[in-house]
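Protein chains: 4
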Amino acid sequence: MNIKQRTWEIVEAAQDNDKASWYFDVFIMLLIALNIFASILESVATLELAYLQYFSLFEIFSVTIFTIEYLARLWSCTTSPDYQNPIKGRIRFIFSPMSLIDLFAIGPFFIPFIGYDLRTLRALRLFRVLRLAKASRYSKSLELIKKVVDSRKEELVITTIFMATFLLASSTVLYFCENPTQPDKFSSIPATMWWAIATLTTVGYGDIYPITALGKVCASIFAILGIGMFALPTGILGAGFVEEIQKKKTKLVCPHCQKEIKK
Amino acid sequence: MNIKQRTWEIVEAAQDNDKASWYFDVFIMLLIALNIFASILESVATLELAYLQYFSLFEIFSVTIFTIEYLARLWSCTTSPDYQNPIKGRIRFIFSPMSLIDLFAIGPFFIPFIGYDLRTLRALRLFRVLRLAKASRYSKSLELIKKVVDSRKEELVITTIFMATFLLASSTVLYFCENPTQPDKFSSIPATMWWAIATLTTVGYGDIYPITALGKVCASIFAILGIGMFALPTGILGAGFVEEIQKKKTKLVCPHCQKEIKK
Amino acid sequence: MNIKQRTWEIVEAAQDNDKASWYFDVFIMLLIALNIFASILESVATLELAYLQYFSLFEIFSVTIFTIEYLARLWSCTTSPDYQNPIKGRIRFIFSPMSLIDLFAIGPFFIPFIGYDLRTLRALRLFRVLRLAKASRYSKSLELIKKVVDSRKEELVITTIFMATFLLASSTVLYFCENPTQPDKFSSIPATMWWAIATLTTVGYGDIYPITALGKVCASIFAILGIGMFALPTGILGAGFVEEIQKKKTKLVCPHCQKEIKK
Amino acid sequence: MNIKQRTWEIVEAAQDNDKASWYFDVFIMLLIALNIFASILESVATLELAYLQYFSLFEIFSVTIFTIEYLARLWSCTTSPDYQNPIKGRIRFIFSPMSLIDLFAIGPFFIPFIGYDLRTLRALRLFRVLRLAKASRYSKSLELIKKVVDSRKEELVITTIFMATFLLASSTVLYFCENPTQPDKFSSIPATMWWAIATLTTVGYGDIYPITALGKVCASIFAILGIGMFALPTGILGAGFVEEIQKKKTKLVCPHCQKEIKK
């Protein structure tokens, strides 16, 4: 086993009992978490002004580590059967979703544009938290979720179409009901969609609501019918979870021969 | 196969491997989608003023296509066993729900009333999207939904009665609680129903809410009891989905004879 | 069969194929529905002033019918094995819940107090809608609901205790967080309970909400934990429905002997 | 059986048919309930001023009883095999969660700090209601809840991670959308989290909401996707309840030999 292969194992594809890889993972995770925490704190104006130099130092430190990690991945990725070719494999590695996220996380630092742009893009570092998904202990649950979404794809697609149609229909009706009375709030169908989403998701901020009798009657009917519709995806996925879990757990065994009664 | 029969096949009742019919369907769907999109954009005042002539041209183009399609359906519908009689069959075809929607979608254009009326009715074009339901790939899911609603009809009817009674009871009580203190907001029982619906669906815009102690106590009790009631239809339909799907999927097979254990 | 027995059959305990009883039921139901509708319309000030005499006439007509019905029930109730004794049975009949509702529905009319009191008590007529529950065709669904609530009594009781404790705890904490900053809104723990109920039921009117950082953090934690808790009763009842319905429907039959595999 | 053992039985670990212990439990529960009720009433300023001396007397009475109870527990706890050692056992008893709650409930009274501190800590008395959990009749339901939470631990952990990530992502995006337009409301990412929680839990107070077109589009997408995510824990626990209850109830029995078909 050469150094390149070992590097790859540590940064990317380690086995469960590989201590070095585990410590590396934990360290990177912690750094990502601290980066996210720093981004949040930095957004508070008073804190940013008071601790500007500390934030800058931490930023330099983080980007250095992340850059070394990225280069190590890029260098050692040829060990993997997926990216064997030194040129083509590495290019494919760069354009893999996870690597792009890593690149977006460190890229802005090296672009000499200062200020707004840099800060916005740094928010992409947040998505590095997705690396958590690789942690083997949660992979079963993630697989379960993926399986359920897959098995319910058709229902979800048709529910989405229903939801979109309903959203459109309710926005159109309410627009014609309320626009003459509240031309500033229900100013157009897209503006009315904001009302429809706030209502059908039951958030109801209260910044926009019907005031005419007809508008209120229509809104009531749409609310009662539509809320169930917007709750259906959750219900479908919930039912999918129950089914998938029961499929795993319930085995019927014949008392005569101990054979399983197959479903 | 004559031209009339072929026309009917293309516009209405095509088989899955009929290319011409498929392209026609896709074209009409796209045109409906573009019409809906245009209606939404047109409702934005600034866009309407700026691109008035483009909207008009697209309108003329769409109505022309839809009219040709409608006449083609009307002409060829006698091919179908459902509408065989040239006069009676065609009249029955005109009054079928889908044809009425199509007629409402093109009708307003030919009526010489300009402005508000025209635009309102044009919104009916939206419902042409229901034609999607015929697309064979979604028919299974639609059947499932219909089956579940049918099998739960009784529960849904009784839940609706409960909901209506609860709505009425809570509105009446809150009206008597709040009317003396807020005569402008809780001005009548129908006005209080708007409060009740906003509360029981948990939308809670905040335009109307109790301010007296008694009103708040009653509203709290109604909210805690009623929200569950208003969530029951979703729960019942959700449970119906689980059952219907499980009915399809779980077959028990006896290990001795491989026969299915019937449910 | 004497007249008294026939009267009892018509007003109260009819068999399914008894035409006269069915027409009587439908008539009373319609009158109840119209009374409710009239109460709602009467609460609209403009309508009440404009049609005062019609409302009065309808009131006199309704009360006359309901009084005759009540007296017919009271006279003929001795036919029923439940109320056989002419004096004791009739007294027990008067104090049965359904009869009390009937009495409350007609009583206020005969009391010579005019105005507010009369109108308030007239709202009790609303509860006559509970008679709808007697409609035999829905009795199966009602039995199902009763069965589910009974079978989940213990879970519902403990969930209610949890909810009450959680409500109290969150109100107490938020009171201490927000009272110093908003002494007019979070003025006492009972006042804060109104906030807690609006939040935990996700109604969120927006008349009262935390503004301090600590209050917002606590409110967020309470909201995320508590909403699930307040949704549990619906979930428990929903699960109960699934179970009860599946119990009825799924019978496993052995392929060798066609006997049912008992659960 | 000596007095110490009997005392322990009465205050702590009684059998179901022990009358004295049952009366003691009921008395303490009632006193706790009255204490909670008194705390709530005392928070209402007008009531506190009017009945100050009654509240003080009740306070002295309650603390006396609770102190005697606490000392009785501490004295007799050595009877229990868990706390046998007179010194070490008693120290372990003092630091058991239930005993700490009891201590916090009476402690503040004896500390000579008057006013705010005392009142805040007295709220801890609320948690003494947890003693109800020992009541044998609810222990089954509690066990069920514990079992369900345990069996769904993994799903709940991963859902929590997803929720936290989603909360962070939506707050970050909305902060960058709305901060330039509403710098006072969306002042920082933590401030935007308050918006995100109010939205994703569908509470929607209406104190903070996006006003820019981009912000509204993003908020709509986050709301539609995120609300399902925030409803998943309830769904997962609900499904867990169904499964756990069905596991208990459905036994398949072979019609030939009456043996159970094992799952």
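As you go down the protein sequences, you meet chains U, V, Z and D in turn.
Residue 114 is where the first sequence starts when you use my numbering, and the numbers rise one by one after that.
Residue 114 is where the second sequence starts when you use my numbering, and the numbers rise one by one after that.
Residue 114 is where the third sequence starts when you use my numbering, and the numbers rise one by one after that.
Residue 114 is where the fourth sequence starts when you use my numbering, and the numbers rise one by one after that.
Note that beta-carbon positions come from the ideal geometry of N, C-alpha and C, so glycine has one too.
Here the structure is a predicted model, which means the values were calculated and not measured.
Please report the straight-line C-alpha distance between E125 of chain U and P303 of chain U, rounded to a whole angstrom. 45 Å
From I193 of chain D to E172 of chain D, what does the alpha carbon distance come to, in whole angstroms? With the sequence shown as reference, residue 193 of chain D is identified as Ser, and Ile is not the correct amino acid for it. In a straight line, the C-alpha of S193 of chain D is about 31 Å away from that of E172 of chain D.
Mapping DSSP to helix, strand and coil, what is G319 of chain Z? coil
Counting only beta-carbon separations shorter than 8 Å, does I310 of chain V have a partner in chain U? yes
If the cut is a Cβ gap below 8 Å, which residues of chain Z does I149 of chain D touch? L281
Is G341 of chain Z close to chain U? Criterion is C-beta to C-beta, closer than 8 Å. no
Beta-carbon within less than 7 Å of T305 of chain U's beta-carbon, same chain only, minus the 5 sequence neighbours each way: which residues are those? S284, L287, Y288 and F299
Kindly say whether I153 of chain D, judged by its beta-carbon, lies nearer than 8 Å to any beta-carbon of chain Z. yes
DSSP on E291 of chain D, reduced to helix/strand/coil? helix
Nearest to P199 of chain D by CA position, among D:L327, D:F343 and D:K117, is which residue? D:K117
Residues near T120 of chain D in its chain [Cβ-Cβ closer than 6 Å; skip 5 each side]: A185 and S189
Whether G341 of chain D touches L160 of chain U by CB criterion (8 Å): no
Is the CB of S156 of chain U under 8 Å away from at least one CB in chain D? yes
Flag this pair as yes or no: are the beta carbons of F174 of chain V and A218 of chain V separated by less than 8 Å? no
For A311 of chain Z and I271 of chain U, what's the separation of their Cα atoms in angstroms? 33 Å
Around the Cβ of K259 of chain Z, are there at least 16 other Cβ atoms within 10 angstroms (buried) or fewer (exposed)? exposed
K132 of chain U to I141 of chain U span [Cα, whole Å]: 14 Å
Under a CB-based cut-off of 8 Å, is T314 of chain Z close to chain V? yes
For A163 of chain V and chain Z, any beta-carbon pair shorter than 8 Å? no
For A309 of chain V, is the classification buried or exposed, using 16 other Cβ atoms within 10 angstroms of its Cβ as the cut-off for buried? buried
Rounding to the nearest angstrom, what Cα-Cα distance links S264 of chain D and E357 of chain D in this structure? 9 Å
From Y196 of chain Z to I123 of chain Z, what distance separates their C-alpha atoms? 17 Å
Look up T120 of chain D in the DSSP assignment and say whether it is helix, strand or coil. helix
Please return the same chain residues whose Cβ sits closer than 7 Å to the Cβ of R205 of chain Z, not counting the five positions on each side in sequence. Y196
With DSSP run on the structure shown, which of helix, strand or coil describes E125 of chain U? coil
Between G319 of chain U and chain Z, is there a C-beta pair that is closer than 8 Å? yes
Contacts that P346 of chain V makes with chain U (C-beta to C-beta distance below 8 Å): G341
CA-to-CA distance, S301 of chain Z to Q139 of chain D, given in whole angstroms: Note on identity: in this sequence residue 139 of chain D is Val, with Gln being the wrong assignment. Computed Cα separation, rounded: 28 Å.
Alpha helix (DSSP H) segment containing F90 of chain V, residue limits: Absent from the structure is residue 90 of chain V, since the part of chain V shown begins at 114 and ends at 376.
Closest to S152 of chain Z by C-alpha separation, out of V:L281, V:T314, V:T315 and V:A277, would be which residue? V:L281
Within 10 angstroms of its Cβ, does N130 of chain D collect 16 or more other Cβ (buried), or is it exposed? exposed
Candidates V:E267, V:A336 and V:F223: which alpha carbon is nearest F279 of chain V's? V:A336
Can you have a look at I145 of chain V and say buried or exposed, based on whether 16 or more other CB atoms are within 10 angstroms of its CB? buried
Where the alpha helix (DSSP H) containing R205 of chain U begins and where it ends: K201 to I207
Return the first residue and the last residue of the alpha helix (DSSP H) that S175 of chain U is part of. L165 to S189
Under a three-way DSSP split, which group does K260 of chain Z fall into? helix
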